[in-house]
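Structure record follows, encoded as structure tokens.
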Amino acid sequence: MSQSERVAIFRRLHESGCFVMPNPWDAGSARWLRGRGYKALATTSAGFAFTRGLADQDVPLEMMLEHIAEMVAALPDIPLNADFEDGYADSPAEMAANVAACVATGVAGLSIEDATGRSADPLYPFGLAVERIGAARAAIDATGSGVLLTARAEGVLVHGPSALPDVLERIGAFADAGADVLYAPGLRTREEFAAVVAAAGGRPVNALVFGDLGHSVPDLAGLGIRRISIGAAMARAAWAGFMTVAEEIAGLGTFTGFAQNAVSAPLNAFFRDDLKART
């Protein structure tokens with residue numbers, strides 16, 4: 026399936042209803058999720074970083090582009106959205122060049138956030154943040170790919186609920202700057218989700234569900250959410266199981282944690298059948 030076909034599918038998914046877009050961290054987890062019937066998937070910068078022995082936001086640009094290209098290749102018939110952090114540059118021009126490189130991997134969508142990753146100045150100033158989304162929009166348009174641009178307003182995630190008014194202002198400005206999808210990670214309450222949907226002015230909104238927030242898919246759909254992603258939650262769940270048994274063995278010398286393991290037979294059967302289906 027061509028990139029344009031995957032982009033068209035991705036756009037249709039955002040037109041009505043609400044779909045869940047999980048975040049695999051490697052080709053195996055991506056193929057498994059595809060096999061479970063998910064219609065679109067997204068990368069997770071944190072989940073991938075952990076596989077390389079790095080902290081989130083410490084993956085260099087070229088390594089991330091290689092990972093995104095590998096994930097696209099693993100999913101030739103469903104859309105992939107790239108978690109592209111802050112575009113790997115501060116200046117709009119440099120970020121735009123990186124966005125074009127991300128589009129060239131074959132993704133159907135990508136997200137740009139307004140967080141800098143720096144503790145001293147964790148968010149880009151309002152004007153610069155909006156300019157960066159406009160530059161990303163122009164870079165995507167120049168490729169003629171139609172790739173969907175998701176703009177992330179990170180204020181609540183960085184500063185807590187008190188930052189919601191600033192986040193809402195940014196969401197509206199990002200929509201005006203050309204974002205196809207709006208995303209404010211860190212929200213927890215129905216009121217917060219509803220406020221972001223209103224600020225998006227009719228554009229699709231992505232909700233991050235990073236734990237048990239007490240909202241089901243129908244609950245969020247009822248608030249007007251079009252897309253749900255889970256960030257690094259699945260990767261963290263996998264690491265939690267790994268760390269639990271590792272600590273038990275090291276500390277107690279026992280192996281009871283393995284009782285929770287999934288057996289290998291279903292995994293082997295799935296991956297063998299999956300490989301046959303795509304070769």
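Counting along the sequence shown from 1, when you hit position 89 you're at 114 in my numbering, and nothing is skipped either side.
All C-beta atoms, glycine included, are put in the ideal place defined by N, C-alpha and C.
Everything numeric in this text was worked out from a predicted model, so none of it was measured.
Quiz item: Hey, Gly159 and Gly112 are a contact pair by Cβ (cut 8 angstroms); roughly how many whole angstroms apart?
Solution: The residue you call residue 159 lines up with position 134 of the sequence shown. The residue you call residue 112 lines up with position 87 of the sequence shown. Wrong, their Cβ atoms sit about 12 angstroms apart, outside the cutoff.
Quiz prompt | Three-pair Cβ contact test at 8 angstroms for the stretch 146-160 versus the stretch 227-239 | solution = no
Exercise. Indicate whether Leu193 and Val230 have their beta-carbon atoms separated by less than 8 angstroms.
Key: Taking the first residue of the sequence shown as position 1, residue 193 is located at position 168. Taking the first residue of the sequence shown as position 1, residue 230 is located at position 205. Not closer than 8 angstroms, so no.
Self-check item: Reference Ala260, options Ala74, Ala246 and Ile34, closest by Cα
Solution: In the sequence shown, the residue the question calls residue 260 occupies position 235. The shortest CA-to-CA distance from Ala260 to any of Ala74, Ala246 and Ile34 is the one to Ala74.
Quiz item: Candidates Gly197, Gly211 and Leu245: which alpha carbon is nearest Ala225's?
Solution: Taking the sequence shown and counting its residues from 1, one reaches residue 225 at position 200. The shortest Cα separation from Ala225 among Gly197, Gly211 and Leu245 belongs to Gly197.
Quiz item: Can you tell which of Arg252, Val242, Arg213 and Pro210 has the C-alpha that lies nearest to the C-alpha of Arg228?
Solution: Position 203 of the sequence shown holds residue 228. For Arg228, the nearest C-alpha among the options comes from Arg252.
Quiz item: Should the stretch 61-71 be called in touch with the stretch 87-104, which here means at least 3 C-beta pairs below 8 angstroms?
Solution: yes
Practice problem: Select from Trp264, Thr279, Ala246 and Glu179 the residue whose C-alpha is nearest the C-alpha of Cys43. | Solution: Residue mapping note: residue 43 aligns to position 18 of the sequence shown, counting from 1. For Cys43, the nearest C-alpha among the options comes from Ala246.
Practice problem: Please classify Asp299: does DSSP put it in a helix, a strand, or coil? | Solution: As a working mapping, residue 299 is identified with position 274 in the sequence shown. It is helical.
Quiz item: Should the stretch 135-142 be called in touch with the stretch 171-182, which here means at least 3 C-beta pairs below 8 angstroms?
Solution: yes
Self-check item: Under the three-state DSSP convention, the category Glu138 falls into
Solution: As a working mapping, residue 138 is identified with position 113 in the sequence shown. The DSSP-derived three-state label of Glu138 is strand.
Quiz item: To the nearest whole angstrom, what separates the beta carbons of Val45 and Val242, a pair I think is in contact under 8 angstroms?
Solution: Sequence index remark: in the sequence shown, residue 45 carries index 20 (1-based). Sequence index remark: in the sequence shown, residue 242 carries index 217 (1-based). Right, their Cβ atoms sit about 6 angstroms apart.
Quiz item: In angstroms, rounded to a whole number, what distance separates the CA positions of Gly142 and Leu248?
Solution: In the sequence shown, the residue the question calls residue 142 occupies position 117. In the sequence shown, the residue the question calls residue 248 occupies position 223. When rounded, the distance between both Cα atoms is 30 angstroms.
Quiz prompt | Member of Ala129, Ile255 and Asp83 whose CA lies at the smallest distance from the CA of Glu95 | solution = Here residue 95 refers to the residue found at position 70 of the sequence shown. Checked all of Ala129, Ile255 and Asp83; the closest Cα to Glu95 is Ala129.
Practice problem: Count the other CB atoms, across all protein chains shown, that sit within 10 Å of the CB of Leu277; report buried if there are 16 or more and exposed otherwise. | Solution: To locate residue 277, count along the sequence shown from 1; it is residue 252. It counts as exposed.
Exercise. Within the same chain, show all residues whose beta-carbon is closer than 6 angstroms to that of Asn106, passing over the 5 residues directly before and after it, in chain order.
Key: Residue 106 sits at position 81 when you count from the first residue of the sequence shown. Only Ala67 and Gly134 meet the Cβ criterion.
Quiz item: In the structure shown, what three-state DSSP assignment does Asp191 receive?
Solution: For the purposes of this step, residue 191 is taken as the residue at position 166 of the sequence shown. Helix.
Exercise. From the DSSP output, read off the bridge partner residues of Tyr208.
Key: As a working note, residue 208 is residue 183 in the sequence shown. Bridge partners of Tyr208: Arg177 and Asn231.
Quiz item: Of the residues Leu90, Pro150, Pro147 and Ala161, which one's Cα is nearest the Cα of Pro311?
Solution: Outside the displayed range of the chain (26 to 304) lies residue 311, so it cannot be described from this structure.
Practice problem: Select from Thr76, Gln28 and Phe218 the residue whose C-alpha is nearest the C-alpha of Gly264. | Solution: Position 239 of the sequence shown holds residue 264. Note that residue 264 is Trp in the sequence shown here, rather than Gly. The option with the nearest alpha carbon to Trp264 is Thr76.
Quiz item: Which same chain residues, not among the five before or five after Ile250, have their C-beta less than 8 angstroms away from its C-beta?
Solution: On the sequence shown, position 225 is the one that residue 250 refers to. For Ile250, where only same-chain residues beyond five positions count, the Cβ hits under 8 angstroms are Cys43, Phe218, Val222, Val230, Asn231 and Ala232.
Self-check item: Proximity of Leu144 and Gln28 at Cβ, strictly below 8 angstroms
Solution: Start at 1 with the first residue of the sequence shown, and residue 144 comes out as number 119. Start at 1 with the first residue of the sequence shown, and residue 28 comes out as number 3. According to the sequence displayed, residue 144 carries Ser and not Leu. Not in contact: Ser144 and Gln28 (Cβ atoms no closer than 8 angstroms).
Quiz item: Do you know offhand how far Leu79's Cα is from Glu87's?
Solution: Reading the sequence shown from its first residue, position 54 is the one you call residue 79. Reading the sequence shown from its first residue, position 62 is the one you call residue 87. Each residue's alpha carbon lies about 14 angstroms from the other.
Quiz item: Whose C-beta lies closer than 7 angstroms to the C-beta of Ala55 among residues of the same chain, with five residues either side of it excluded?
Solution: Numbered from 1 along the sequence shown, position 30 holds the residue referred to as residue 55. If we look at Ala55 and ignore the five residues flanking it on each side, its Cβ neighbours are Pro49, Leu66, Met96, Ala99 and Leu100.
Exercise. Closer than 6 angstroms by C-beta to Ala284: which residues in its own chain qualify, once you throw out the five before and the five after it? Chain order, please.
Key: Counting from 1 along the sequence shown, the entry for residue 284 is found at position 259. Around Ala284: no qualifying Cβ.
Quiz item: Contact check, Ala125 vs Thr168 under 8 angstroms by CB: the rounded distance?
Solution: Taking the sequence shown and counting its residues from 1, one reaches residue 125 at position 100. Taking the sequence shown and counting its residues from 1, one reaches residue 168 at position 143. So it is a contact: roughly 6 angstroms between Cβ atoms.
Quiz item: For the stretch 76-139, which segments carrying the alpha helix (DSSP H) assignment without a break, of at least 4 residues, lie completely within its bounds, in sequence order?
Solution: 86-99 and 117-128
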